[in-house]
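Residue numbers (our numbering), protein chains in the order written: chain W, 1 to 413; chain H, 1001 to 1413. Glycine is no exception: its CB is placed at the ideal position from the N, C-alpha and C atoms.
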């Protein structure tokens, strides 16, 4: 590579967004053939049956009634105090872990993951992650020169592959002293899988066992889809992160994107849990420094929204009702898809909640291409196909599995 | 430092915000004594004479009339196409430089500066900057392990200190192959100083002379206050950055914070200018990668605001009228302050526009403390005092210089 003004570490090819590409094709097909004809399962946002983005009234009415000066003004660098307290209680619900808990505002869940990869690892250290993952994790590892190591997500019975996790952790700790273990659960993107409570016990036991002196293990819980993963009890696992040894840090990437249908407002938080006050404080200080050095402060109106809705009983109730309504709608779509899959013999990964269902298969690119002939637009990744139940009506969720099954059989015949 | 789970490079003490502290004291004093009694010159935002934040109707009416789904949705990773074109024309006005120009959305001006420090320098390389500067530059250099070298901003006649700049540049290039030269002009924060067009010729000549083979010089123009620095002709200097040699890159940190009174919406852009298409594209790709790896995408509504206002003639006119109204108000306040300073013999740095006027002095901390007795709240920094004309009424701007002069004489007697 010829030396030029761009620094060597910062050279990257144009970041292709394959999801954006197939999404664009779906849009074009809708324009040509009409919405009814097309199944667009590419969008990672809640879409109503009429094809329109769902944006909660409780959120956007509050926004539109807000004093313009409040919207215009800067928030605090670390995040506004009420917001920082609010996200902790919103995130944990009835299952707040014990220990020293801090939170810091971040630009979406992305920003929280960025902060964890940046502050808890040095260059060359490992992020370990299941092999069904949100691609931005890898982009961040590239950007900051962290190593990204994946392991087989599920075993042959479709349980979390604890053996594969253990091997990956041992591998990373054998080579380096620091590791971040990413768990995008509950309601994993792209699979809808949730690690259950008894499996969490096993995972934590392994981490505790491996956290020998001089070794540092950070657990990153990316819970972007948590509000669409159950009626509240899906948060119970948070209690398990109370008082872990001081060389284990628990971090949570909290996002308002899905839970408040506030994708475009770019708000989230990194929550820090440690048994030791000094550690919780020092990680907070590190991330506050990062805030100033990357974006100064986050969208003020998003922080105010969370707090205003929380403190106003009526607004809070409207918000909860809306969330519940769409959570159930999502569940019905997923049920329809899963039932139909069973009927036609389409194998999917287990779905427990969230926006996506995944279909493991070979030749996913060709299958996705083939499916366009049947007016289905779907995202292909290395391990299979991602169907966005968040974006497809129940009726279309019911008819899709057969079409997908046929395409798989056709390509892999 | 005892090793713990926080990585060594990411350890920082709690980032103290001295401006926030003195601002808090001013607020308390206002509550106790009433707004009329207090001069609060600490706030870095346009404040009306009644003490309220100015938030343009043209901007916030547009926001409130926007479809909630548009606000809720994600923007593109690199920024929406219309926005990326819009910021280029908004920023340059009638003086668009020639060459290959790219822009990328960033979280405020901060994000643009971050991207430049990150992508155009390696660890240990230098950012050189006048010694009256926005402190976040230094925080970013700390975060990413870039060296921050300041030089004397103005010479004894209060002209840009071209000799000091040359020495700093030579120093950095003697040690390293890459350097970023930051110029927060026009309407510098914290001084209000603007580098004039003939001085720009000298600066560019020096940079061209020093850009030998194997040496790479990035010019960063932080123009956060540009809309409050004149009636348009202050943008003429942009033309000078046409077709510079390929080992000189020009970057512009553009911010919507001040120009749209949209501080809390966190939107800006990094504009890239190169004579070579491949270089402009590769820097864009690098920054797009950074976008994905730090915040994914920026506040969608802010991007839409810029485009909607631009494309609607009526809105565009209202916006320009509001901007002009407040630019003139700001100018009147600054005139009052400068005239009164002259009358009482208070020495200030030359002011040409923007939100602040600076008073060079020794013992700034003690002076700021002393001024509280006279109900003036002002920001002290290493080189002197920063008075925010953006936040103080014309009447109060007129009476402040005498009080400041008295306090300086008292402390330095």
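Any C-beta of chain W sitting closer than 8 Å to the C-beta of residue 1004 of chain H? So yes, residue 1004 of chain H belongs to the interface.
Using a beta-carbon distance below 8 Å, is residue 330 of chain W in contact with chain H? Closer than 8 Å: no.
Simplified DSSP state of residue 1056 of chain H, which is helix, strand or coil: Looking at residue 1056 of chain H - three-state DSSP - the assignment turns out to be coil, as it is neither helix nor strand.
Measure from the alpha carbon of residue 1146 of chain H to the alpha carbon of each residue in W:293, W:355 and W:385, then state which is nearest. The closest CA to that of residue 1146 of chain H, considering only W:293, W:355 and W:385, is found on W:293.
What is the DSSP secondary structure of residue 192 of chain W, reduced to helix, strand or coil? Of the three classes helix, strand and coil, the one that applies to residue 192 of chain W here is coil, per DSSP.
Residue 13 of chain W: contacting residues in chain H (beta-carbon distance under 7 Å): Those within 7 Å of residue 13 of chain W in chain H are 1285.
Taking C-beta pairs closer than 7 Å, name the residues in chain H that residue 299 of chain W reaches, listed in chain order. Per Cβ cutoff of 7 Å: 1264, 1265, 1266 and 1299.
For residue 1222 of chain H, which of H:1229, H:1205 and H:1255 has the nearest alpha-carbon? Of H:1229, H:1205 and H:1255, the residue nearest in Cα terms is H:1255.
Is there a C-beta anywhere in chain W that falls below 8 Å from the one on residue 1223 of chain H? Taking Cβ atoms only, chain W never reaches closer than 8 Å to residue 1223 of chain H, which makes this a no.
Thinking C-alpha only, which one of W:66, W:76, W:45 and W:71 is nearest residue 1015 of chain H? It is W:76 whose Cα lies nearest to the Cα of residue 1015 of chain H.
Are the beta-carbon atoms of residue 1128 of chain H and residue 1168 of chain H separated by less than 8 Å? Residue 1128 of chain H places its beta carbon less than 8 Å from that of residue 1168 of chain H.
If you draw a straight line from the alpha carbon of residue 1060 of chain H to that of residue 105 of chain W, how long is it in whole angstroms? Separation of residue 1060 of chain H and residue 105 of chain W (C-alpha to C-alpha, rounded to the nearest whole angstrom) is 24 Å.
Pull up the CB-CB distance for residue 1130 of chain H and residue 1150 of chain H, whole angstroms please, since I reckon it's below 8 Å. About 7 Å; that satisfies the 8 Å criterion.
Under 8 Å between the Cβ atoms of residue 271 of chain W and residue 89 of chain W? Contact: no.
Using only the alpha-carbon positions, how far apart do residue 334 of chain W and residue 233 of chain W sit? Taking the Cα positions, residue 334 of chain W is about 19 Å away from residue 233 of chain W.
Just the Cα atoms here: how many angstroms apart are residue 13 of chain W and residue 1122 of chain H? Distance between the alpha carbons of residue 13 of chain W and residue 1122 of chain H is about 19 Å.
What are the residues in the segment 1103–1116 of chain H lying within 7 Å of chain W by C-beta distance? Residues passing the 7 Å Cβ filter: 1107, 1108, 1110, 1111 and 1114.
Does the Cβ of residue 231 of chain W have 16 or more other Cβ atoms within 10 Å, making it buried, or fewer, making it exposed? Flag for residue 231 of chain W reads exposed.
Using a Cβ cut-off of 8 Å (strictly closer), state whether residue 1121 of chain H contacts chain W. For residue 1121 of chain H, the answer is yes, since a Cβ of chain W falls inside 8 Å of its Cβ.
Determine the chain H residues that contact residue 334 of chain W at a beta-carbon separation under 9 Å, and present them in chain order. Taking the beta carbon of residue 334 of chain W as reference, no residue of chain H falls within 9 Å; the closest one sits roughly 22 Å away.
At least one CB of chain W closer than 8 Å to the CB of residue 1271 of chain H: is that the case? No, residue 1271 of chain H does not count as interfacial toward chain W.
Assign residue 1164 of chain H to one of three DSSP states: helix, strand, or coil. Three-state DSSP puts residue 1164 of chain H in a helix.
So for residue 1102 of chain H, helix, strand or coil by DSSP? In the structure shown, residue 1102 of chain H adopts extended strand secondary structure according to DSSP, grouped into three states.
Assigned secondary structure, residue 73 of chain W (DSSP; H/G/I helix, E/B strand, else coil): Residue state, collapsed to three classes: coil.
Any beta carbon of chain W sitting closer than 8 Å to that of residue 1073 of chain H? For residue 1073 of chain H, the answer is yes, since a Cβ of chain W falls inside 8 Å of its Cβ.
Looking only at its chain, what residues have a beta carbon closer than 6 Å to the beta carbon of residue 71 of chain W, apart from the 5 residues adjacent to it on each side? Closer than 6 Å at the Cβ level, and outside the excluded window around residue 71 of chain W, lie 301.
Assuming residue 91 of chain W is part of the alpha helix (DSSP H), what are its boundary residues? Per DSSP, residue 91 of chain W belongs to the alpha helix (DSSP H) from 81–92.
What does residue 80 of chain W touch in chain H if you count any residue whose Cβ is under 9 Å from its own? By Cβ distance, chain H contributes nothing, its closest Cβ being about 11 Å from residue 80 of chain W, past 9 Å.
Residue 245 of chain W (DSSP reduced to helix, strand or coil): Residue 245 of chain W: coil per DSSP, three-state reduction.
contact_flag[the segment 1038–1050 of chain H, the segment 1373–1387 of chain H] where n(CB pairs < 8 Å) is 3 or more: Judged by Cβ distances under 8 Å, the segment 1038–1050 of chain H makes contact with the segment 1373–1387 of chain H, as three or more pairs qualify.
What residues in the segment 1053–1064 of chain H have a beta carbon less than 9 Å from any beta carbon of chain W? Hits within the stretch, in order: 1053, 1054, 1055, 1056, 1057, 1059, 1060, 1061, 1063 and 1064.
Cut-off 6 Å between Cβ atoms - residues of its own chain near residue 1239 of chain H, not counting five sequence neighbours on either side: Taken in chain order, the residues that qualify are 1095 and 1097.
Between the alpha carbons of residue 1399 of chain H and residue 1055 of chain H, how many angstroms are there, rounded? The alpha-carbon atoms of residue 1399 of chain H and residue 1055 of chain H are separated by roughly 26 Å.
Looking at C-alpha atoms only, which residue of H:1386, H:1397, H:1395 and H:1307 is the closest neighbour of residue 1063 of chain H? Looking at the Cα atoms, H:1307 is the closest of the given residues.
Could you check the C-alpha separation between residue 1206 of chain H and residue 1182 of chain H for me, to the nearest Å? Going by the C-alpha atoms only, they are around 15 Å apart.
Going by DSSP in three states, residue 221 of chain W sits in which element: helix, strand or coil? DSSP places residue 221 of chain W in strand when its eight states are reduced to three.
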